[in-house]
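Residue numbers (this note's numbering): 108 to 655.
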């Protein structure tokens, strides 16, 4: 495989690079996560490793393609010497079948012209392929499938689910792609060197790993069910899923919350409020409690809604949830303004020419530049970059970080509450150690120059980043900067967003502005950061834009 990376020589991967990558994945799992393999998994690995190289290559080629059905004659790979013989070996070992079941997906393997040739008596000439596929699927005729089997050899790959589980053990989620190895090796991404790390398994027990895997499977089933079934039928289906068993494990929470939020939203929109309350109640993530409060309020159950809102204020998941609950408890009538609306109405304004092409933030920036300010549309980019560079060591070194495989671009706990629980003291000590703005600029610059281009979830590498950070550090109070950084650390997923749009400065002063055009709204997270910045003596404000 040849890969031409811009500005560099072509990188040549070995012909069977894909087999090397999959074998590496298997070796990695057997070395560090063998306790997460059941007997079927071990048998699969042993069978795979016992096959000829051609058969292994053919299997991995199928594995890396979409779907479970493939036409044998469409497989042409120079590095596989005898594909039909390799297919026979896969049949013998039970990895594929050459007798696929009656499945409408088989028809998708053929072009419109081929389908017309297969079924010349059908009036397919003037029809679109989607119409042809629908007609064949609705007919679901045994003789149609027999016609396909008689004229073509279709391989039915039967081990996709087993491979999905193995990939889950390596990547930690169901959408991990083997192309991540290619991206790394051809130089499309520069990864932090994790060679000296001791990688830990994603999951603690086999039961936990299988629960995560089953939840991903159910997520796909639910998605299809919502497309095909009535809401009441979906409710009956999901009622049979043992969520209580799956959700008892710590590592099932992420995918579990995602499913519960989607189900809650689906049932709410479908007019099944009690079902929505039930599934929102199983989620430990915003906006589950906000939606429950809104539903309870609509159902005229004020005491339950108030109790839940008070619980949110006492222990909020994030700023958006907290501000919503405060507004809910404070309202005296349906006409009461939200605190976000009140803040916009009380904010100063500027008058500019109504933008025709560029975003309103760019026009506001030009307004300040005409007044002698320098400025950037910084938003989250500036603060995330500062966090990533300031705490690079704490993000990546083995003493503080948790990594499970060498392709990771961020520690696995970055978006969890354990990130701050495990590192809060260390991060605080670092901010106390770097006591001056000069020292902070030096630290940021050295890290930038050493790590430039290395993948970091929080750092967007751009030539404007370092000079903008230097201007920010020079103008802002150091204690305020550090307060922001530690607040981000408390909830990196939510708190690394919602910062003001513009950062402007000149020799004497600076300001952060959240730009709001007519009819625009202020999110709770944006309001949270403006208040937080002001509390720590950082100049930040909502700025309304009016058009002349």
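C-beta atoms are modelled at their ideal positions from N, C-alpha and C, and glycine is treated no differently.
- Residue range 486 to 497 is occupied by the alpha helix (DSSP H) that includes residue 495.
- Taking residue 299 as the centre and dropping the five residues before and after it, the same chain places the C-beta of 503, 561 closer than 6 Å to its C-beta, in chain order.
- In this structure, residue 493 sits away from residue 555, with a CB-CB distance that is not shorter than 8 Å.
- The residue among 413, 431, 414 with its C-alpha nearest the C-alpha of residue 397 is 431.
- Annotation: residue 324 to residue 490 spans about 37 Å, alpha carbon to alpha carbon.
- When rounded, the separation of the alpha-carbon atoms in residue 151 and residue 269 is 8 Å.
- As a beta-bridge residue in DSSP terms, residue 621 pairs with 649.
- When DSSP assignments are scanned along the stretch 338 to 410, the uninterrupted stretches of alpha helix (DSSP H) that are 4 or more residues long and fall wholly within it turn out to be 338 to 345, 350 to 353, 360 to 376, 380 to 387, 395 to 405.
- With respect to residue 622, residue 652 sits close: the two C-beta atoms are nearer than 8 Å.
- In the DSSP assignment, residue 612 falls within the unbroken beta strand (DSSP E) covering 609 to 612.
- Taking the CA atoms as reference points, residue 418 sits about 60 Å from residue 179.
- The Cβ atoms of residue 506 and residue 544 do not sit closer than 8 Å to each other.
- With a threshold of 16 other beta carbon atoms within 10 Å, residue 620 meets it and is buried.
- Proximity to residue 342 across 367, 362, 265 peaks at 367, based on C-alpha coordinates.
- Non-local beta-carbon contacts of residue 583 in its own chain, meaning distances under 6 Å to residues more than five positions away in sequence, involve 645 in chain order.
- Fewer than three pairs of CB atoms, one per stretch, sit closer than 8 Å, so the stretch 451 to 459 makes no contact with the stretch 568 to 581.
- Here DSSP, grouped into helix, strand and coil, assigns residue 183 to coil.
- The alpha-carbon of residue 316 is positioned some 15 Å away from that of residue 137.
- For residue 293, the secondary structure class from DSSP, reduced to helix, strand or coil, is coil.
- Bridge partners of residue 482 according to DSSP: 611.
- Residue environment analysis places residue 255 among the buried positions, since at least 16 neighbouring C-beta atoms fall within 10 angstroms of its C-beta.
- Cβ neighbours of residue 276 within its own chain (closer than 6 Å, five residues either side excluded): 136, 140, 143.
- Sequence-distant Cβ neighbours of residue 567 in its own chain, meaning closer than 8 Å and more than five residues away, are 488, 491, 492.
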